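S.K.:
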Amino acid sequence: MRKRTIIGLFILLSICMITGCTKKEEPEKKNIITNGNSAVIYFSATGITEKIAQRIAEYSKSDLIEIIPKEEYTKQDLDYNKDCRANKEQSDSEARPEIKNQIDISTYNTIYLGYPIWWGTNPKIILTLLDTYDFTNKTIIPFCTSGSTDISGSVIDLRNYNTNLTIKDGKRFSANDSDEKIQTFINQYNEVKNEMKVVIQNEEYRIELEDNDTVKQLLNIIPLELQMNELNGNEKYVYLKNPLPTNSKVPERIEKGDVMLFGDNCLVIFYKSFETEYSYTKIGHIDNLPDLGKDSITIELK
Ligand SMILES: Cc1cc2nc3c(=O)[nH]c(=O)nc-3n(C[C@H](O)[C@H](O)[C@H](O)COP(=O)(O)O)c2cc1C
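Under the working numbering, the very last position in the sequence shown is 308; numbers go up by exactly one each time.
1) Can you tell me whether Val161 is helix, strand or coil according to DSSP?
2) Kindly examine ligand 1 and report whether one of its heavy atoms sits closer than 7 Å to the Cβ of Pro148.
3) When the Cα atoms are used, what is the spatial distance from Asp89 to Val204?
4) Taking 7 Å as the cut-off, is the beta-carbon of Glu78 closer than that to any non-hydrogen atom of ligand 1?
5) Give me the DSSP bridge partner(s) of Tyr211.
6) Just verifying my parser: in three-state terms, what is the DSSP assignment at Arg61?
7) What is the C-beta distance between Tyr114 and Ile62, in whole angstroms, given that I count them as a contact (C-beta under 8 Å)?
8) On the premise that Glu283 lies in contact with Val265, defined as a C-beta separation below 8 Å, what is that separation, rounded to the nearest angstrom?
9) In this structure, how does DSSP classify Ser66 when only helix, strand and coil are distinguished?
10) At a cut-off of 7 Å, is Pro122 close to ligand 1 when judged by its beta-carbon and the heavy atoms of the ligand?
11) Give me whichever residues DSSP pairs with Asn120 in a beta bridge.
12) Less than 7 Å separating the Cβ of Thr151 from some heavy atom of ligand 2?
13) Using only alpha-carbon positions, find the residue among Lys76, Lys130 and Trp124 that is nearest to Glu100.
14) From Ile96 to Ala181, what does the alpha carbon distance come to, in whole angstroms?
15) Measuring CA to CA, which of Glu210, Tyr195 and Ser254 is closest to Glu201?
16) Can you give the Cα-Cα distance for Thr142 and Lys288, rounded to whole angstroms?
17) Can you have a look at Pro229 and say buried or exposed, based on whether 16 or more other CB atoms are within 10 angstroms of its CB?
18) Would you mind sorting Thr127 into buried or exposed? The rule is 16 or more other CB atoms within 10 Å of its CB.
19) According to DSSP, is Ile109 helix, strand or coil?
20) Residues in the same chain with beta-carbon distance under 7 Å from Ile303, minus the five sequence neighbours each way, listed in chain order, please.
21) Taking C-beta to C-beta, are Lys174 and Ile157 nearer than 8 Å?
22) How about Gly239: is its Cβ closer than 7 Å to a heavy atom in ligand 1?
23) Who are the near neighbours of Asn168 in its chain, counting only those whose CB is closer than 8 Å to its CB and skipping five residues on each side?
24) How many angstroms separate the CA atom of Thr145 from the CA atom of Glu104?
25) Excluding sequence positions up to five away, which residues of its chain have a Cβ less than 8 Å from the Cβ of Asp183?
26) Alpha carbons only, please: which of Glu72, Ile74 and Lys94 is nearest the one belonging to Gln82?
27) Between the alpha carbons of Ile227 and Lys308, how many angstroms are there, rounded?
28) Which of the three DSSP states is assigned to Thr172 in this structure?
29) Asn240 and Lys278: beta carbons closer than 8 Å?
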């Protein structure tokens with residue numbers, strides 16, 4: 007069984023090498039989006055985990071922080087068919103490769119921790135990270151990329167390494183995994199809030215939210231400032247830059263204050279009630295919404 011897994015792994019690795027998973031280009035080291043609360047901290051030797059890390063940071067509005075090894079891993083260092091540096095480190099229980107950069111984790115409650123799988127587990131530099139900084143009272147959500155090995159073995163190893171840490175089950179990704187898989191992963195670990203605020207013409211209103219994937223994803227992309235267009239004397243609408251998950255149905259009646267998604271990217275606020283034959287995914291409802299007039303409006307969702 008173990009032999010078959012290892013053969014499978016090496017077939018996958020060979021495909022990976024042929025298709026060009028070689029040394030990554032110089033990564034962009036600046037943070038993508040910040041809310042001061044969560045960070046994606048990752049190590050990536052050939053750039054695959056890095057791409058997933060960037061996408062997780064973007065969708066979860068986390069800071070993006072790379073773990074940069076003091077001694078960079080060369081192609082030879084990663085040549086696992088030989089007695090390479092990576093193999094030596096993985097089989098040496100004392101190995102703690104040095105980290106070049108200082109990482110400030112003090113402001114984060116949640117850390118998405120990313121790494122490639124090396125010989126069934128996390129690279130030893132992840133242990134250096136756990137040794138260097140105090141992760142107690144933080145939630146660690148691991149993610150990995152690999153030829154085929156799942157994340158579970160590495161999570162068991164990390165939990166055994168420091169039993170004081172809160173380490174979630176996490177997820178393994180492939181280089182080309184869909185945005186939906188990344189969003190589902192993030193949503194899984196984020197509480198659903200049941201309200202959102204919207205500022206319309208300098209007045210703040212509360213949107214009572216539905217509990218669905220559309221809302222979860224919308225919560226991931228706020229705050230947003232949007233210019234909404236007028237339509238039919240009863241609604242304001244705006245096309246969002248990226249689609250949201252949908253679960254649409256015909257509500258038969260629209261109520262004044264309903265906030266809906268039309269299609270997968272058209273956000274609509276209705277300011278009059280009427281019967282409809284169109285289908286929408288309901289996002290929520292605003293009580294006490296006034297007539298919004300005939301002009302386009304600017305709103306802020308937060
Ligand atoms: C030394 C070494 C050991 C590896 N061991 C495994 C393994 O046990 N299982 C697996 O599925 N992939 C293994 N891989 C493949 C990597 O996990 C995979 O290519 C990963 O996506 C690379 O991520 P990175 O580009 O972020 O470094 C190994 C790669 C190296 C260099």
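All residues carry an ideal CB built from backbone N, CA and C; glycine is no exception. Here the structure is a predicted model, which is why all the values come from computation and not from measurement.
M.R.: To lay it out plainly:
1) Taking the sequence shown and counting its residues from 1, the one referred to as residue 161 is at position 155. Helix, per DSSP.
2) Residue numbering aside, residue 148 sits at position 142 when the sequence shown is read from its first letter. No.
3) As a first step, residue 89 must be located in the sequence shown, where it is residue number 83. As a first step, residue 204 must be located in the sequence shown, where it is residue number 198. Roughly 59 Å between the two C-alpha positions.
4) Counting from one through the sequence shown, the residue named residue 78 turns up at place 72. Within 7 Å of the C-beta of Glu78 there is not a single heavy atom belonging to ligand 1.
5) Numbered from its first residue, the sequence shown carries residue 211 at position 205. Its beta-bridge partners are Val204.
6) As a first step, residue 61 must be located in the sequence shown, where it is residue number 55. Three-state result, Arg61: helix.
7) Counted from its first residue, the sequence shown places residue 114 at position 108. Counted from its first residue, the sequence shown places residue 62 at position 56. About 14 Å separates the two Cβ atoms, so there is no contact after all.
8) The sequence position of residue 265 within the sequence shown is 259, counting from 1. The sequence position of residue 283 within the sequence shown is 277, counting from 1. Contact flag wrong, Cβ pair sits at about 19 Å.
9) The residue given as residue 66 occupies position 60 in the sequence shown. Of the three classes helix, strand and coil, the one that applies to Ser66 here is helix, per DSSP.
10) Here the question's residue 122 lines up with position 116 in the sequence shown. Pro122: yes, Cβ under 7 Å from ligand 1.
11) Along the sequence shown, one-based indexing puts residue 120 at 114. For the record, residue 120 in the displayed sequence is Gly; it is not Asn. For Gly120, which the question treats as bridged, DSSP gives the partners Tyr48 and Phe149.
12) In terms of ligand content, the structure shown lacks ligand 2 and carries ligand 1 instead.
13) Indexing the sequence shown from 1 puts residue 100 at position 94. Checking every option, the nearest Cα to that of Glu100 belongs to Lys130.
14) For the purposes of this step, residue 96 is taken as residue 90 along the sequence shown, with counting starting at 1. For the purposes of this step, residue 181 is taken as residue 175 along the sequence shown, with counting starting at 1. Per the sequence shown, the amino acid found at residue 96 is Gln instead of Ile. Whole-angstrom Cα-Cα distance: 23 Å.
15) Position 195 of the sequence shown, counting from 1, holds the residue named residue 201. Of the listed residues, the one whose Cα sits closest to Glu201 is Glu210.
16) Locating residue 142 in the sequence shown gives position 136, counting from the first residue. Locating residue 288 in the sequence shown gives position 282, counting from the first residue. About 39 Å.
17) The residue you call residue 229 lines up with position 223 of the sequence shown. That one is exposed.
18) Taking the sequence shown and counting its residues from 1, the one referred to as residue 127 is at position 121. Buried, because 16 or more other Cβ atoms sit within 10 Å of the Cβ of Thr127.
19) Translated into the one-based positions of the sequence shown, residue 109 becomes position 103. Looking at Ile109 - three-state DSSP - the assignment turns out to be coil, as it is neither helix nor strand.
20) The residue given as residue 303 occupies position 297 in the sequence shown. Leaving aside the five residues that flank Ile303 on each side, the residues in its chain whose CB is nearer than 7 Å to its CB run, in chain order, Ile206, Gln207, Met234 and Lys242.
21) On the sequence shown, residue 174 is found 168 positions in, with the first residue counted as 1. On the sequence shown, residue 157 is found 151 positions in, with the first residue counted as 1. Against a cut-off of 8 Å, the Cβ pair of Ile157 and Lys174 comes out as no contact.
22) Here residue 239 corresponds to residue number 233 of the sequence shown, with the count starting at 1. No; taking the cut-off as 7 Å, the Cβ of Gly239 has no heavy atom of ligand 1 nearer than that.
23) What you label residue 168 is simply residue 162 of the sequence shown in a count that begins at 1. Result list for Asn168: Leu136 and Phe141, in chain order.
24) Within the sequence shown, the letter at position 139 stands for residue 145. Within the sequence shown, the letter at position 98 stands for residue 104. So the two alpha carbons sit approximately 24 Å from each other.
25) By one-based count along the sequence shown, residue 183 stands at place 177. Excluding sequence neighbours, Asp183 sits near Ile58.
26) For this step, residue 82 is matched to residue 76 along the sequence shown. The candidate whose alpha carbon is nearest that of Gln82 is Lys94.
27) Your numbering for residue 227 matches position 221 in the sequence shown. Your numbering for residue 308 matches position 302 in the sequence shown. Roughly 9 Å between the two C-alpha positions.
28) The count along the sequence shown starts at 1 and reaches residue 172 at position 166. When secondary structure is reduced to three states using DSSP, Thr172 falls in the strand class.
29) As a working note, residue 240 is residue 234 in the sequence shown. As a working note, residue 278 is residue 272 in the sequence shown. Going by C-beta atoms, Asn240 is nearer than 8 Å to Lys278.
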